[in-house]
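J.:
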Amino acid sequence: MFICLPIALTLWMSLNEVDQFGRFGGFVGLGHYLALFSDPQFIAAAWRTVIWTVSIVAATTVIALFLAVVLQQKFRGRALVRGLLLLPWATGLVIVSLLWRWMAHPDFGAIGRVVNAIGFPALRVEWLGNPALAFPLMIWVGIWASIPFTTLVLAAGIQSIDTDLYEAATLDGASQWRLFRDITLPQLRPVLAVSILLNVIFVFNSFPIIWVMTEGGPAGATDTLITFLYRKGFRFYDMGAASATSVVVFAILLGFAILHTRIMWRNVLR
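Residue numbers (the working numbering): 18 to 287.
Structure representation (structure tokens):
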């Protein structure tokens, strides 16, 4: 009930005109959906969401896998590194976003101060005011914020692998690369699949980073489906269009989850 009722209500709202007070103004059928898919801002936000999600999830998975393997090795300061790795996750996305927004300020931020300190004031850059730079910077922030959780998940997966497999392969003369390729990766595949699925859902729905840093600007250059949805509902008070956007987002994520799960189980059954 707690899941089905909100979904059903959102679907019904998407088929009606609804004002900011939740009052229904009339049935419009698929009108909101037709308007969305003919809106260039919605199409641009959808493509940008794909780029945002794929870039962050792919980079996060590669970096986190590397860190998870490294953290299995015994070295001095390993506990400290693990503690530092948790900082972005423990801090929270809003605080992380505020921190990076300050760092990116051209005059008062850490990046600007370093540029001025080394004597290159000509390199003063409006990171968040430049449409060509704002989105890549936020992708980096998304990667930075996603690495801790993914690393912890993959590290736990690596620790669950039977050490006898490594010992037997080492006795056969296997190199570190072969141990990783032939044992770690195949054994870690189910954990990797779950990690990717969770990250796609988390990143696709990520709101604080973009909204805190740019609110989708400049000139819509960082707008994603989630910020587009928020603006429709709580800036323009078009709850019907916002509900239609919510249904589209839900359908995309549900379709991805079903497809991803089927592929994962097909590989496991092999």
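We put the CB at the ideal spot given by N, CA and C, even for glycine.
Any chance you could list the alpha helix (DSSP H) runs of at least 4 consecutive residues sitting entirely within the segment 167-200, in chain order?
T.: Counting only runs that start and end inside the segment 167-200, the alpha helix (DSSP H) elements of at least 4 residues fall at 180-188 and 193-196.
J.: Could you spell out where the beta strand (DSSP E) holding Val220 opens and where it closes?
T.: Per DSSP, Val220 belongs to no beta strand (DSSP E); it is in the alpha helix (DSSP H), Leu202 to Phe221.
J.: Identify the residues that DSSP records as bridge partners of Val35: which are they?
T.: Phe41
J.: Might you give, ordered along the chain, the residues of its own chain that have their beta carbon closer than 8 angstroms to the beta carbon of Gln58, omitting 5 neighbours on each side?
T.: Answer for Gln58: Gly237, Asp240 and Phe245, listed in chain order.
J.: Check whether the Cβ of Thr108 lies closer than 6 angstroms to any heavy atom of the ligand FMN, and answer yes or no.
T.: This structure simply doesn't include the ligand FMN, nor any ligand for that matter.
J.: Assign Ala258 to one of two classes, buried (16 or more other C-beta atoms within 10 Å of its C-beta) or exposed (fewer than that).
T.: buried
J.: According to DSSP, is Ser55 helix, strand or coil?
T.: In this structure, Ser55 counts as coil in the three-state DSSP scheme.
J.: Short check: CB of Ala81 to CB of Ile213, under 7 angstroms?
T.: no
J.: Please go through the same chain and pick out, in chain order, the residues whose beta-carbon is closer than 8 angstroms to the beta-carbon of Phe125, but skip the five residues on each side of it.
T.: Cβ neighbours of Phe125 beyond the five flanking positions: Trp119.
J.: Where are the alpha helix (DSSP H) runs, 4 residues long or more, that stay fully inside the segment 237-287, in chain order?
T.: 242-251 and 256-286
J.: Starting from Trp106, follow the alpha helix (DSSP H) in both directions and report where the run begins and ends.
T.: Leu104 to Thr108
J.: Mark Thr168 as exposed unless 16 or more other C-beta atoms lie within 10 angstroms of its C-beta, in which case mark it buried.
T.: With 16 or more other Cβ atoms within 10 Å, it is buried.
J.: Within the chosen definition, does the segment 92-105 reach the segment 253-271 through at least 3 CB pairs nearer than 8 angstroms?
T.: no
J.: Suppose the cutoff is 8 angstroms on Cβ atoms and the five residues either side in sequence are ignored; what does the same chain contact list for Thr70 look like?
T.: Only Val217, Val220 and Phe221 meet the Cβ criterion.
J.: Report yes or no: do the segment 98-115 and the segment 188-201 share at least 3 C-beta pairs separated by less than 8 angstroms?
T.: no
J.: Whose C-alpha, out of Leu145, Tyr254 and His122, is nearest the C-alpha of Ile227?
T.: Leu145
J.: Throw me the rounded Cβ distance for the Leu88 and Ala172 pair, which I believe falls under 8 angstroms.
T.: 6 angstroms
J.: Take Leu270 as the anchor and find which of Met30, Leu242 and Glu232 has the nearest alpha-carbon.
T.: Leu242
J.: In terms of residues, what are the limits of the alpha helix (DSSP H) holding Arg130?
T.: Ala127 to Ala134
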